[in-house]
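Residue numbers (full-length UniProt numbering): 1 to 51.
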């Protein structure tokens, strides 16, 4: 019986953990790309229009 409970916990918790970790990776990757875009286009008048 404890094995079945452990399997159910893993089946419900593991997908949530995987999705949240990929969301965190996407947030960090997006932040790094945003900073890279600002650094590459420094001095551009289009950066003033970016809100």
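For each residue, glycine too, the CB sits at the ideal point set by N, CA and C.
All figures in this text were calculated on a predicted structure; none of them were measured in a lab.
DSSP three-state assignment for residue i, whether helix, strand or coil
{"i": "residue 43", "result": "coil"}
{"i": "residue 1", "result": "coil"}
Integer-rounded CB distance, given that residue j should sit under 8 Å from residue i
{"i": "residue 38", "j": "residue 47", "result": "7 Å"}
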